[in-house]
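Once you know that position 84 of the sequence shown is 83 in numbering that gives the first Met the number 0, the rest is easy, because the numbers rise by one and skip nothing. The beta-carbon is built from N, C-alpha and C at its ideal position, and this holds for glycine as well.
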Amino acid sequence: MAFANISSDLSYWHKQSQPLFDNLLWNIPEQKTGHIAVVGGNSQNFSTVVRISEFINQTFPIKTLTTVLPDALRGKLPPLPNLDFLPSTESGSFAKSRQLELAVSSPGATLIIGDLSRNSATAVALSDAIASSMPQDETLPNLLVLARDSIDLLASEAGRWLSRPNTIIIASMAQLQKLFRAIYYPRMILLSQPLIPTLETLHKFTLTYPATLLTFHQDNIIVAQGGEVSTTHLVDTDYSPISLWSGQLAARVTALNLYNPKQNFAATTAAILMH
Numbered sequence: 000m001a002f003a004n005i006s007s008d009l010s011y012w013h014k015q016s017q018p019l020f021d022n023l024l025w026n027i028p029e030q031k032t033g034h035i036a037v038v039g040g041n042s043q044n045f046s047t048v049v050r051i052s053e054f055i056n057q058t059f060p061i062k063t064l065t066t067v068l069p070d071a072l073r074g075k076l077p078p079l080p081n082l083d084f085l086p087s088t089e090s091g092s093f094a095k096s097r098q099l100e101l102a103v104s105s106p107g108a109t110l111i112i113g114d115l116s117r118n119s120a121t122a123v124a125l126s127d128a129i130a131s132s133m134p135q136d137e138t139l140p141n142l143l144v145l146a147r148d149s150i151d152l153l154a155s156e157a158g159r160w161l162s163r164p165n166t167i168i169i170a171s172m173a174q175l176q177k178l179f180r181a182i183y184y185p186r187m188i189l190l191s192q193p194l195i196p197t198l199e200t201l202h203k204f205t206l207t208y209p210a211t212l213l214t215f216h217q218d219n220i221i222v223a224q225g226g227e228v229s230t231t232h233l234v235d236t237d238y239s240p241i242s243l244w245s246g247q248l249a250a251r252v253t254a255l256n257l258y259n260p261k262q263n264f265a266a267t268t269a270a271i272l273m274h
C-alpha cells in the first residue's frame, strides 16, 4: 500500500472551541428512527453493555436498539427488551457464528463497546464478522464503531479490518500504538511527543486508511479522517480524562453519525460538544 505525503502547512487542522459543525448537533430527528446494535460482554462482565444501551435509549430517538451479548449470560440478566444472545465460547465470550456476522453488518450502526475479555477465539470471530461486512462493490457498509477494550482485543487482527470504510475507532494513544504496530505502519506515534507531530501522523494515516480515528493527547480530543484533523481542548467539553472512555462519548458518536451518514469527520467532531 502506498503511503501519502504529509502536508507541511497544517491546513488540514481544524481547532474546535465552539462547535465547528453546529448544524449537525441540531440534526436529531423528532420521530424515532434507525437501528443501533450495542455488542459486548462476557460471562464475567457485561455492565458497560447494558449501561450504554440504556444511555442510548434514554438520550436518542432510536427506533430499534438491540443489546447483543454472548449466550453464556442467558438467565443471568432480568428480562429486558431487545436482548440478543449469540453463541459463546466455553470461556463465555462471543464465538464465531452467522448471528455475530449479522449483528455487525445488519443494523444501521453497530457499536462494539467492549467487556469482551482477552479471548483469541473471540478476536478472530469479531474480525471475521467485520471482514464479512465489507461489501464487494462500492456500496458503503453500515456504520461500525469500535471502543474501549474492543480495540485491545482486535488490534492483532487490524490488518483484516482496518481498510473497512465507515468505521470509527475510539482509542487511546496506547491502543493506537498497538494498531500501528500490528500493520507495521512506518511512522509511530509516541505518548511523549508534542501535539503537532501527532496530528501530522494521524493526517497521513487517515489519507492511507479510510477509518475515522478519535483519540486523546496533550489535553486535546483529536479526530482524524480522510486527512482532515480536528482538535478540541478537553476543558471545553463535559469530559474528564477518565469519563472520556466511559462509553458515553462512543454512544454519542454512534448516534450522530447514524443521523448524518457520509459525514464521519464532521459528525464525530460535533459529537464531542454534544450535551
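Of the choices K31, A210, D83 and L82, whose alpha-carbon is the least far from that of T58?
Looking up residue 58 in the sequence shown gives position 59. That would be K31, whose Cα lies nearest to the Cα of T58.
Could you tell me if V234 is buried or exposed, where buried requires 16 or more neighbouring beta carbons within 10 angstroms of its beta carbon?
Within the sequence shown, the letter at position 235 stands for residue 234. Exposed: under 16 other Cβ atoms inside 10 Å.
In terms of DSSP beta bridges, what is A36 paired with?
Within the sequence shown, residue 36 is the residue found at index 37, counting from 1. DSSP output for A36 lists T65 and T109 as bridge partner(s).
Under 8 angstroms by Cβ, that's how I've got V67 and A120 pegged, so tell me the actual separation to the nearest angstrom.
Against the sequence shown, residue 67 aligns to sequence position 68. Against the sequence shown, residue 120 aligns to sequence position 121. The pair is not a contact, with the Cβ atoms about 17 angstroms apart (cut-off 8 angstroms).
Would you call G39 buried or exposed, if buried means 16 or more other Cβ atoms sit within 10 Å of its Cβ?
Here residue 39 refers to the residue found at position 40 of the sequence shown. That one is buried.
Among the candidates N263, S239 and L125, whose CA atom is the shortest distance from the CA of S229?
Numbered from 1 along the sequence shown, position 230 holds the residue referred to as residue 229. Taking only the C-alpha atoms, the option nearest S229 is N263.
Measuring straight from C-alpha to C-alpha, what distance separates H232 and E89?
Looking up residue 232 in the sequence shown gives position 233. Looking up residue 89 in the sequence shown gives position 90. Roughly 44 angstroms between the two C-alpha positions.
Quickly, what does DSSP pair L143 with across the bridge? List them, please.
As a first step, residue 143 is located in the sequence shown; it is residue number 144 there, counting from the start. Partner(s): T109 and T166.
Thinking just about the alpha-carbon of each residue, which of T200, N219, I112 and H274 is nearest to the one in S245?
The count along the sequence shown starts at 1 and reaches residue 245 at position 246. The residue with the shortest Cα to Cα distance from S245 is I112.
Going straight from the alpha carbon of G107 to that of I182, what length do you get?
Position 108 of the sequence shown holds residue 107. Position 183 of the sequence shown holds residue 182. So the alpha carbons of these two residues sit roughly 28 angstroms apart.
Pick from I55, F204, S239 and E227: whose alpha carbon is nearest that of D218?
In the sequence shown, counting from the first residue as 1, residue 218 sits at position 219. With distances taken between Cα atoms, D218 lies closest to S239.
Among the residues of its own chain, which have a CB less than 7 angstroms from the CB of T268, if the five just before and after it don't count?
Numbered from its first residue, the sequence shown carries residue 268 at position 269. Excluding positions up to five away in sequence, the list reads Q15, L19, F20, V222 and S229.
Mind checking who K75 pairs with in its DSSP beta bridge?
Counted from its first residue, the sequence shown places residue 75 at position 76. According to DSSP, K75 bridges with nothing at all.
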